[in-house]
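Engineer:
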């Protein structure tokens, strides 16, 4: 069923809107045909499918497109400005014009959902010029700038169930292979600049491996080099050419559609008038700049120096996993170009030793580094790093620097970090403190999970050496719980109440909206979820 009439536009007006995209005779023919087949609604900012509300953003890693939905007639597009980045990209895309049915099917699927394309293109807006510039420097086809649309929907915080992260969906091992640092403080797989350079380097390496065949390189980016090599061998043994199109029966179904998805996007961006797609113009000029800082800096302070919100700073620098940059680097920030002078002027006048929020803890008799780390919800490695300790030895009276995250930054991290957003549905997180003799296999068996899950949740490898005091996150499906109301007694503390009911202080805070409060008072009631 075709869309109902929304706005009837005179033929002359539609021709005027399409002016500059094609010849006059082509314009008239296209407009006549479209008016005869269906009348359409045009919004000057973006396309609107009549009767469909704008969907809320989601974090799924693949488009949810209905395969059986009828494809609408192409919607009349509005030509982009000559200085628009989408236009320049469209003129220089290389992987276009493939007639294979698998590509045309993907084109039709995208065209059935123009609102989806508009939404993802808008999400790409802050990063697009940077990705184009890096692609040109790396010498890869500009088509690869569109690959995050397929990989992550241009969500730099995307985190797959298999453990892939960031715009380019690097797995931990592949990230390390391309020198993407992964620590408690920072994950280079989510770093816009670092991960983009790594992705282009990986694609270039794959293309060299497959004699310059970019389609095979794309397939290997998704499925792995070994699997593609095996598929080529199987194809040739059965008389096939060994090119991507001959591998359909030998590659995973996901890979078989992965490459056509990118080719379809390239074709649509290269031919917006043909497909009736209109994307909001993006100025063809740098939007972001990488600014060097000489030491660790707190995220909130950096945002204040740049005169932008913490949310925006984190969106441009999603590699930060904590409230501060990694003390061992990288010491750089991605900032809007318009704010670089503001930031650098403020940075010059701010001593490095004052760029973080720390508290100091004096070591008491009986203290060990692991116990202190658990008390302050950090790790032994972090305490060693901040206090320049060579081992676990500490002495009574020694003053230790302890991380102290600001509330505003913690709230931003809570919204974005993968351990929060990709938690299994309704799962709870248990923190397991490592004791002497622990290993991943025993811990996995104790909690009824797999070693692979433990390593993925905690960014470890199976060979990682576990240290006493270190904390691991374990995601578990909770038991059925009921809610009780507990009246706070004189002398109670949140930790004592939590221990009494076998829950955590953070859970009590979450159930009772206590994150902004420092104290609880006798007589107040707390909601507590208990098993049974």
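Residue numbers (the working numbering): 623 to 1154. The beta carbon of each residue, even a glycine, is placed where N, CA and C say it ideally should be.
Just mark residue 1147 as buried or exposed, buried being the case when its beta carbon has 16 or more other beta carbons within 10 Å.
Structural biologist: Numbered from 1 along the chain shown, position 525 holds the residue referred to as residue 1147. That one is exposed.
Engineer: Please confirm whether residue 917 and residue 953 have their CB atoms less than 8 Å apart.
Structural biologist: What you label residue 917 is simply residue 295 of the chain shown in a count that begins at 1. What you label residue 953 is simply residue 331 of the chain shown in a count that begins at 1. A Cβ-Cβ contact shorter than 8 Å links residue 917 with residue 953.
Engineer: With residue 709 as the anchor, note down where its beta strand (DSSP E) starts and where it stops.
Structural biologist: Start at 1 with the first residue of the chain shown, and residue 709 comes out as number 87. Residue 709 -> not in any beta strand (DSSP E); alpha helix (DSSP H) instead, spanning 707-714.
Engineer: State the beta-bridge partners of residue 781 as determined by DSSP.
Structural biologist: Counting from 1 along the chain shown, the entry for residue 781 is found at position 159. Its beta-bridge partners are 787.
Engineer: Find the nearest neighbour of residue 961 within the set 778, 747, 885 and 912, judged by alpha-carbon distance.
Structural biologist: For the purposes of this step, residue 961 is identified with residue 339 of the chain shown, where counting begins at 1. Residue 912 is the option with its Cα nearest to residue 961.
Engineer: Considering only residues of the same chain and omitting the five flanking positions on each side of residue 1021, which have a CB-CB separation below 6 Å?
Structural biologist: Locating residue 1021 in the chain shown gives position 399, counting from the first residue. If the five residues before and after residue 1021 are omitted, its C-beta is found closer than 6 Å to the C-beta atoms of 982 and 984, all from its own chain and listed in chain order.
Engineer: Let me know if residue 1017 comes out buried or exposed under the rule of 16 or more other beta-carbons within 10 Å of its beta-carbon.
Structural biologist: For the purposes of this step, residue 1017 is taken as the residue at position 395 of the chain shown. Answer is exposed; the Cβ neighbour count stays below 16.
Engineer: Any idea which residues DSSP pairs residue 986 with across the strands?
Structural biologist: As a first step, residue 986 must be located in the chain shown, where it is residue number 364. Looking at the DSSP assignment, residue 986 forms no beta bridge with any residue, so it has no partner.
Engineer: Give the secondary structure of residue 766 by DSSP, where H, G and I count as helix, E and B as strand, and everything else as coil.
Structural biologist: By 1-based counting over the chain shown, the position of residue 766 is 144. In the three-state reduction of the DSSP assignment, residue 766 falls in the helix class, which pools H, G and I.
Engineer: Using 8 Å as the cut-off, can you tell me whether the region 756-769 makes contact with the region 887-901, which would need three or more C-beta pairs spanning the two stretches below that distance?
Structural biologist: Two segments are said to touch when three or more pairs of C-beta atoms, one from each, lie closer than 8 Å; by this definition the region 756-769 touches the region 887-901.
Engineer: Considering only residues of the region 854-914, which uninterrupted beta strand (DSSP E) runs meet the minimum length of 3 residues and lie entirely inside it, listed in chain order?
Structural biologist: 910-914
Engineer: Just to confirm my understanding: we take residue 812, look at its own chain, exclude 5 residues before and 5 after, and list those with CB closer than 6 Å. What are they?
Structural biologist: As a first step, residue 812 is located in the chain shown; it is residue number 190 there, counting from the start. Result list for residue 812: 778, 787, 788, 940 and 941, in chain order.
Engineer: What would DSSP say about residue 803, mapped onto helix, strand or coil?
Structural biologist: Translated into positions along the chain shown, residue 803 becomes position 181. In this structure, residue 803 counts as coil in the three-state DSSP scheme.
Engineer: Spell out the partners DSSP gives residue 981 in its beta bridges.
Structural biologist: For this step, residue 981 is matched to residue 359 along the chain shown. In the DSSP output, where bridge partners are listed per residue, residue 981 has 1024.
Engineer: If you draw a straight line from the C-alpha of residue 1013 to the C-alpha of residue 1006, how long is it?
Structural biologist: Residue 1013 sits at position 391 when you count from the first residue of the chain shown. Residue 1006 sits at position 384 when you count from the first residue of the chain shown. Roughly 7 Å separates the two Cα atoms.
Engineer: Identify, in the order they occur along the chain, each residue of the same chain with its Cβ nearer than 7 Å to the Cβ of residue 1111, setting aside the five sequence neighbours on each side.
Structural biologist: On the chain shown, position 489 is the one that residue 1111 refers to. So the list reads 1144, once near-sequence residues are dropped.
Engineer: Grouping DSSP H, G and I as helix and E and B as strand, with all else coil, what is residue 1018?
Structural biologist: Residue numbering aside, residue 1018 sits at position 396 when the chain shown is read from its first letter. Residue state, collapsed to three classes: coil.
Engineer: Between residue 717 and residue 1062, what straight-line distance do the alpha-carbon atoms span, to the nearest angstrom?
Structural biologist: Numbered from 1 along the chain shown, position 95 holds the residue referred to as residue 717. Numbered from 1 along the chain shown, position 440 holds the residue referred to as residue 1062. Their backbone Cα atoms lie some 45 Å apart in a straight line.
Engineer: Buried or exposed: which applies to residue 822, given that a residue is buried once 16 or more other Cβ atoms fall within 10 Å of its Cβ?
Structural biologist: The count along the chain shown starts at 1 and reaches residue 822 at position 200. Residue 822 should be labelled buried.
Engineer: For residue 742, collect the residues of the same chain with a Cβ closer than 6 Å to its Cβ; drop the 5 residues on either side in sequence, then sort them by chain order.
Structural biologist: For this step, residue 742 is matched to residue 120 along the chain shown. The residues are 771, 775 and 776.
Engineer: When burial is assigned at 16 or more other CB atoms within 10 Å of the CB, is residue 820 buried or exposed?
Structural biologist: One-based indexing of the chain shown puts residue 820 at position 198. Buried is the call here.
Engineer: Where does the unbroken alpha helix (DSSP H) through residue 721 begin, and where does it stop?
Structural biologist: Against the chain shown, residue 721 aligns to sequence position 99. Unbroken run through residue 721: none, as it is neither H nor E.
Engineer: Taking only runs of the beta strand (DSSP E) that begin and end inside the region 1093-1132, which ones reach a length of at least 3 residues, in chain order?
Structural biologist: List check, beta strand (DSSP E) in window: 1093-1098 and 1103-1109.
Engineer: From 1106, 1000, 785 and 1055, pick the residue whose C-alpha is nearest to that of residue 806; which is it?
Structural biologist: Here residue 806 corresponds to residue number 184 of the chain shown, with the count starting at 1. Answer by Cα proximity: 1000.
Engineer: Using a Cβ distance threshold of 8 Å, determine whether the region 865-884 contacts the region 705-716, with at least three qualifying pairs required.
Structural biologist: Output reads no: the region 705-716 does not touch the region 865-884.
Engineer: For residue 1010 and residue 1151, I'd like the C-alpha separation in whole angstroms.
Structural biologist: Locating residue 1010 in the chain shown gives position 388, counting from the first residue. Locating residue 1151 in the chain shown gives position 529, counting from the first residue. One C-alpha to the other measures close to 41 Å.
Engineer: Is the beta carbon of residue 930 sitting closer than 8 Å to the one on residue 947?
Structural biologist: In the chain shown, the residue the question calls residue 930 occupies position 308. In the chain shown, the residue the question calls residue 947 occupies position 325. No.
Engineer: Do residue 1068 and residue 996 have their CB atoms nearer than 8 Å?
Structural biologist: Position 446 of the chain shown holds residue 1068. Position 374 of the chain shown holds residue 996. Cβ atoms of residue 1068 and residue 996: not closer than 8 Å.
Engineer: Which residues share a DSSP beta bridge with residue 808?
Structural biologist: Counted from its first residue, the chain shown places residue 808 at position 186. For residue 808, which the question treats as bridged, DSSP gives the partners 942.
Engineer: My output table needs one value for residue 1147: the three-state DSSP class, helix, strand or coil.
Structural biologist: Residue 1147 sits at position 525 when you count from the first residue of the chain shown. In this structure, residue 1147 counts as strand in the three-state DSSP scheme.
Engineer: Is residue 936 closer than 8 Å to residue 921 when the C-beta atoms are compared?
Structural biologist: Here residue 921 is taken as the residue at index 299 of the chain shown, counted from 1. Here residue 936 is taken as the residue at index 314 of the chain shown, counted from 1. Closer than 8 Å, so yes.
Engineer: Do you know how far the Cα of residue 747 is from the Cα of residue 956?
Structural biologist: Translated into the one-based positions of the chain shown, residue 956 becomes position 334. Translated into the one-based positions of the chain shown, residue 747 becomes position 125. Approximately 15 Å between the Cα atoms of the pair.
Engineer: Grouping DSSP H, G and I as helix and E and B as strand, with all else coil, what is residue 1054?
Structural biologist: Numbered from 1 along the chain shown, position 432 holds the residue referred to as residue 1054. In this structure, residue 1054 counts as strand in the three-state DSSP scheme.
Engineer: Would you list the one or two residues that DSSP bridges to residue 956?
Structural biologist: Position 334 of the chain shown, counting from 1, holds the residue named residue 956. Answer is 912, bridged to residue 956.
Engineer: Given this structure, state the Cα-to-Cα distance separating residue 906 from residue 750, to the nearest angstrom.
Structural biologist: Reading the chain shown from its first residue, position 284 is the one you call residue 906. Reading the chain shown from its first residue, position 128 is the one you call residue 750. Between residue 906 and residue 750, the C-alpha separation is close to 10 Å.
Engineer: Taking the straight line between their C-alpha atoms, what separation do you get for residue 744 and residue 759?
Structural biologist: On the chain shown, position 122 is the one that residue 744 refers to. On the chain shown, position 137 is the one that residue 759 refers to. The alpha-carbon atoms of residue 744 and residue 759 are separated by roughly 24 Å.
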